[in-house]
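Participant: Shown below is the structure under consideration.
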Amino acid sequence: MATWDDVRRIALALPDTSERVARGVCQWRVKDKLFVWERPLRRKEIEALGAHAPDGPILGARVEHLGAKEALLSDDPRIYFTTSHFDGYPAILVRLDRIGVDELTELVVEAWLARAPKRVREEYLRSNAPAKHES
């Protein structure tokens, strides 16, 4: 399962990404736009979630749009969840200790793509496009 070291390694490998600590939690930004972050639950959220409140590390991640958020929530509710704080907002919460590194990599890259400036995103996609093989 994934760790904060995995998040850090994946995020910082992406172009123009920086790491900050704000209010005691880590954030990763692309050109100063937040795309993944450490997101401990607040007291009100813990109370609202009750017995379903996770006690492990939680990652917040931007998603492209609310449809992508809903897809992740329905895909695997053991990993992905949300709170009322994020209602109407394109972000998802992730139980870091339940997600595999491959899935985490996909999530972090998608979050980065959702926030990166167009030029940076297009350059990344060009340089990371799957190689085409001739038959």
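In terms of the numbering used here, the sequence shown opens at residue 8 and continues consecutively.
The C-beta atom is built at its ideal place from N, Cα and C for all residues, glycine as well.
Being a predicted model, the structure only gives us computed values, none of them experimental.
Please classify Gly57: does DSSP put it in a helix, a strand, or coil?
Facilitator: In the structure shown, Gly57 sits in a helix (DSSP, three-state: H, G or I).
Participant: What number of angstroms, rounded off, separates the C-alpha of His140 from the C-alpha of Ser134?
Facilitator: Because the pLDDT at His140 is just 47, under 50, the model does not fix this residue reliably, and the point stays unresolved.
Participant: I'd like to confirm the pairing. Which residues does DSSP put opposite Gly67 in its beta bridges?
Facilitator: Gly67 pairs with Trp44, Leu100.
Participant: When the distance is taken between beta carbons, is Ala118 closer than 8 Å to Val32?
Facilitator: No, these two residues do not count as a Cβ contact at 8 Å.
Participant: Nearest-angstrom Cα distance between Ala9 and Arg102?
Facilitator: Straight-line Cα distance between these residues: approximately 9 Å.
Participant: With DSSP collapsed to three states, give me the class of Arg27.
Facilitator: In this structure, Arg27 counts as strand in the three-state DSSP scheme.
Participant: For Arg50 and Leu19, I'd like the C-alpha separation in whole angstroms.
Facilitator: Taking the straight line joining both Cα atoms gives about 30 Å.
Participant: DSSP three-state call for Ala9: helix, strand or coil?
Facilitator: Ala9 falls in the coil class under three-state DSSP.
Participant: Considering only the beta carbon of each residue, do Ile106 and Leu79 sit closer than 8 Å?
Facilitator: No, the pair does not count as a contact, with Cβ atoms beyond the cut-off.
Participant: Kindly indicate if chain B contains any beta-carbon less than 8 Å away from that of Asp83.
Facilitator: Given the protein chain composition of this structure (a single chain), no chain B is represented.
Participant: Are there 16 or more other CB atoms within 10 angstroms of the CB of Tyr87, so buried, or fewer, so exposed?
Facilitator: The residue is buried, with at least 16 neighbouring Cβ atoms inside 10 Å.
Participant: Would Gly63 and Asp104 be called neighbours here (beta carbons separated by less than 8 Å)?
Facilitator: Yes.
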